[in-house]
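2 protein chains.
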Amino acid sequence: MTVASPRHPSRPGRAGRLSPLELRHVIRRPSQPRERGIPEATVARLPLYLRALNGMAERGLATVSSEDLAAAAGVNSAKLRKDLSHLGSYGTRGVGYDVEYLIYQISRELGLTQDWAVAIVGVGNLGRALANYGGFVSRGFRVAALLDADPEVVGDHIAGLNVEHIDELEAVIGQRGVSIVVLATPAAAAQQVADRVVAAGVTSILNFAPVVLSVPEGVDIRKVDLSIELQILAFHEQRKTDRMTGGPAMADEWPEAVDL
Amino acid sequence: MTVASPRHPSRPGRAGRLSPLELRHVIRRPSQPRERGIPEATVARLPLYLRALNGMAERGLATVSSEDLAAAAGVNSAKLRKDLSHLGSYGTRGVGYDVEYLIYQISRELGLTQDWAVAIVGVGNLGRALANYGGFVSRGFRVAALLDADPEVVGDHIAGLNVEHIDELEAVIGQRGVSIVVLATPAAAAQQVADRVVAAGVTSILNFAPVVLSVPEGVDIRKVDLSIELQILAFHEQRKTDRMTGGPAMADEWPEAVDL
DNA sequence: GTCCCTTTGTGAACCCATGCACAAAGTGGG
DNA sequence: CCCACTTTGTGCATGGGTTCACAAAGGGAC
Ligand SMILES: NC(=O)c1ccc[n+]([C@@H]2O[C@H](COP(=O)([O-])OP(=O)(O)OC[C@H]3O[C@@H](n4cnc5c(N)ncnc54)[C@H](O)[C@@H]3O)[C@@H](O)[C@H]2O)c1
Ligand SMILES: NC(=O)c1ccc[n+]([C@@H]2O[C@H](COP(=O)([O-])OP(=O)(O)OC[C@H]3O[C@@H](n4cnc5c(N)ncnc54)[C@H](O)[C@@H]3O)[C@@H](O)[C@H]2O)c1
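As given, the protein sequences belong to chains D and S, one line each in that order. Counted the way this note's numbering counts, the first sequence spans residues 1 to 260. Counted the way this note's numbering counts, the second sequence spans residues 1001 to 1260.
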């Protein structure tokens, strides 16, 4: 979807009296230029709220209470209100939040009112799946390039894009204004690719390879690691079954190793 | 790799004098049955340490200091030591940690000494990539089933497995001892599948669909959401470019909507 | 205009996580 | 055996995040 530009719920079309609420918005801005310090934990939840709100907008809901929105996003309602309060006072007491308006404000805060050119490096099993993924484009992200080192893969057409050779990396990043790179190469190649990507001026990387990337200050890395998630699940699963059977059989003991 | 059963670094082969260090391990167990409360943040980092340790073991390192291991895992060394201290006193002052022994202890704590049967539900773009992923099997996880609703997909062979019909879900889970389910269906189907999976007795789900699943108490859900990660990156990216250009152009203003 | 009801926005208490800094413990050399 | 050096394990202070609970704000009925 493209982000529309909704007016504030009670904002008059063009001229007209300003209610105290609107006045507050207008007055506050120059004097208090929007608190520039949104907690990281809040940032991580905004996309969740946004998704819930989009669902509500599709179902035609005009306003939503913090209670309902929190339920839809799976969080505590006080937390939701505090999160939103970091963006500004966009709710109306006694009523709730205007869905469209809040979508707009969150989108703007997250930077989704512009669109971001993304390059996917490493077009193997995972890279292909990502390239074919629709949910990508839907939120301001546009896959601008697919890059791979394997001559067998280069030249393939995937989701309407031509896979280009990794040698073109710097040129592609520069010419197409790529600002986010998705890394889906094998672990062994990831650091080396990351270095080139950073040297080319990119400061945001989403890493799927199971390695700890080292990058200079100011470059943001986020990682997605299937294997870590499974291990965390396994830990809790073990706990649960242990509890059933009354603690681990020989918790702190190690099996006797064959001794030769 | 399979987890070996290494002895403690200085533990004698069979009989022999016990050093004070070893004695501590042996004595402590009955009296203090291993603190059963590892912080969630620590659990989430253990897989990271494990990966770094495996790399070191492959390179033949016998021991490692908290400083070096922390660097390899990309964390603060005090944090690493505190994390490990939750598992027990497995280090040796003045020396460091025995690599093999620590691998074993962390693996045991995470429950990787047993192997876990995993079922992947939804064999589309993403499900296929996951099924073909090697890094899966390597750490105690075994893909035991692939399930899909689409008759076109059912019967396909992927990574040596036959794709089965979703109707077989309960039977497969029961018969093959599946304890972790990976959800890779479209968002619309995810909740419904989750309900069935939970009803069948599974209490650990890794969800790739962009929805908030609601499940009963006691069921663990972890989610992987590409779109959220990108939005978080976009937020920071916007901050960075804003800072360059001296703040957002008209931060709190909304574009004038066409007014009819 | 006044009253009642709903819901926001936030002060404050609490809890968990991080990181510094150091005593205690262990190693190796002489 | 003693001493110098290394490195762990942890007490403590600090900070961030979560949640409760409530005053203040707004809406709607009459
Ligand atoms: N497939 C999954 O489900 C999955 C899950 C979790 C993590 N991962 C990780 O994601 C990464 C990709 O996984 P995959 O299954 O797609 O692997 P893959 O081997 O199928 O694909 C990797 C691709 O990267 C390309 N490549 C190699 N070196 C390159 C370089 N220097 N520059 C550009 N491209 C290069 C290869 O040609 C190949 O096409 C791996 O690090 C893997 O561990 C994959
Ligand atoms: N492909 C990606 O890179 C990517 C990235 C992030 C998130 N996701 C999410 O992962 C999920 C899967 O993505 P995809 O690209 O593989 O989609 P896809 O459409 O290619 O595959 C979905 C598969 O699920 C099957 N399915 C549908 N309903 C089912 C049901 N009730 N029971 C069992 N199987 C059912 C379909 O037959 C299909 O094979 C989606 O929710 C998507 O939003 C995908």
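Where a beta carbon is used, it is the ideal one built from N, C-alpha and C, also for glycine. Quick caveat, the model's predicted, so the values are computed rather than measured.
Practice task
Within its chain, find whatever has a CB closer than 8 angstroms to the CB of D/Ala184; leave out the 5 residues flanking it on each side and keep chain order.
Solution key: By 1-based counting over the first sequence, the position of residue 184 of chain D is 184. Ile120, Val121, Gly122, Val123, Gly124, Leu126, Gly127, Leu130, Phe208 and Ala209.
Problem - Assumed close pair D/Val118, D/Val182 - CB separation to whole angstroms, cut-off 8 angstroms - result: Start at 1 with the first residue of the first sequence, and residue 118 of chain D comes out as number 118. Start at 1 with the first residue of the first sequence, and residue 182 of chain D comes out as number 182. Between D/Val182 and D/Val118 the Cβ distance is about 6 angstroms, and since that is below 8 angstroms, they are a contact.
Practice task
Pick helix, strand or coil for D/Arg28, following the three-state DSSP scheme.
Solution key: Here residue 28 of chain D is taken as the residue at index 28 of the first sequence, counted from 1. Note on D/Arg28: pLDDT 33, under 50, position unreliable in the model; no value is reported.
Handout entry: Proximal chain S residues relative to D/Tyr133, where beta-carbon distance stays under 8 angstroms
Key = Counting from 1 along the first sequence, the entry for residue 133 of chain D is found at position 133. Those are Asn1125, Leu1126 and Leu1226, listed as they occur along chain S.
Practice task
Just the chain S side, please: which residues come within less than 9 angstroms of D/Ile232 by C-beta, in chain order?
Solution key: Position 232 of the first sequence holds residue 232 of chain D. Within 9 angstroms Cβ-Cβ: Glu1040, Val1043, Ala1044, Leu1046, Pro1047, Leu1110, Asp1220 and Arg1222.
Exercise for the section: Could you tell me whether any Cβ in chain D is nearer than 8 angstroms to the Cβ of S/Ser1085? Expected result: Mapped onto the second sequence, residue 1085 of chain S falls at position 85. No, because no Cβ of chain D sits closer than 8 angstroms to the Cβ of S/Ser1085.
Handout entry: Heavy atom of ligand 2 within 7 angstroms of S/Thr1185 beta-carbon
Key = Within the second sequence, the letter at position 185 stands for residue 1185 of chain S. Correct: S/Thr1185 has its Cβ closer than 7 angstroms to ligand 2.
Exercise for the section: Would you mind sorting D/Met56 into buried or exposed? The rule is 16 or more other CB atoms within 10 Å of its CB. Expected result: Taking the first sequence and counting its residues from 1, the one referred to as residue 56 of chain D is at position 56. Looking at its Cβ environment, which holds 16 or more other Cβ atoms inside 10 Å, D/Met56 is buried.
Problem - Contact with chain S by D/Thr63, beta-carbon distance below 8 angstroms - result: Position 63 of the first sequence, counted from the first residue, corresponds to residue 63 of chain D. No, its Cβ sits nowhere closer than 8 angstroms to a Cβ of chain S.
Exercise for the section: Put D/Asp220 into one of helix, strand or coil per three-state DSSP. Expected result: On the first sequence, position 220 is the one that residue 220 of chain D refers to. If DSSP states are grouped into helix, strand and coil, D/Asp220 belongs with the strands.
Handout entry: chain S within 8 angstroms of D/Pro210, Cβ atoms only
Key = As a first step, residue 210 of chain D is located in the first sequence; it is residue number 210 there, counting from the start. Yes, because at least one Cβ of chain S sits closer than 8 angstroms to the Cβ of D/Pro210.
Practice task
Indicate whether at least one CB of chain S lies closer than 8 angstroms to the CB of D/Leu21.
Solution key: On the first sequence, position 21 is the one that residue 21 of chain D refers to. Summary for D/Leu21: the model assigns pLDDT 34, below 50, so the residue's position carries little reliability; its value from the coordinates is reported in the next sentence. Chain S contact via Cβ: absent.
Handout entry: chain S contact for D/Leu206 (CB, 8 angstroms cutoff)
Key = Translated into positions along the first sequence, residue 206 of chain D becomes position 206. By this cut-off, D/Leu206 is an interface position.
Handout entry: Best match in D/Ser89, D/Ala200 and D/Tyr49 for proximity to D/Ala71 [C-alpha to C-alpha]
Key = In the first sequence, residue 71 of chain D corresponds to position 71, counting from 1. Cα-wise, what sits closest to D/Ala71 is D/Tyr49.
Practice task
Answer with yes or no whether the minimum CB distance from S/Gly1074 to chain D is below 8 angstroms.
Solution key: Working through the second sequence from its first residue, we reach residue 1074 of chain S at position 74. Chain D, which has a Cβ nearer than 8 angstroms to the Cβ of S/Gly1074, makes this yes.
Handout entry: Of the residues S/Lys1082, S/Asp1242 and S/Leu1233, the one placed nearest S/Ala1041, counting alpha carbons only
Key = The count along the second sequence starts at 1 and reaches residue 1041 of chain S at position 41. The shortest C-alpha separation from S/Ala1041 is found at S/Lys1082.
Problem - Contacts of S/Gln1238 in chain D (Cβ-Cβ under 7 angstroms) - result: By one-based count along the second sequence, residue 1238 of chain S stands at place 238. Correct list: Gly111.
Problem - beta-carbon D/Asn132 near ligand 2 non-hydrogen atom, thresh 7 angstroms - result: One-based indexing of the first sequence puts residue 132 of chain D at position 132. True, at least one ligand heavy atom lies under 7 angstroms from that Cβ.
Exercise for the section: Below 8 angstroms CB to CB, which residues in the same chain sit around D/Leu161 once its five sequence neighbours on both sides are set aside? Expected result: Here residue 161 of chain D corresponds to residue number 161 of the first sequence, with the count starting at 1. Same-chain partners within the cutoff: Ala131, Val143, Ala145 and Leu146.
Handout entry: Residues near D/Gly177 by beta carbon distance below 7 angstroms, same chain, minus five either side
Key = Residue numbering aside, residue 177 of chain D sits at position 177 when the first sequence is read from its first letter. Within the same chain, D/Gly177 has close Cβ partners Ala117.
Handout entry: Segment limits, beta strand (DSSP E) that includes D/Gly96
Key = Residue 96 of chain D sits at position 96 when you count from the first residue of the first sequence. It spans Gly96 to Asp98 - the beta strand (DSSP E) in which D/Gly96 sits, taken as one unbroken run.
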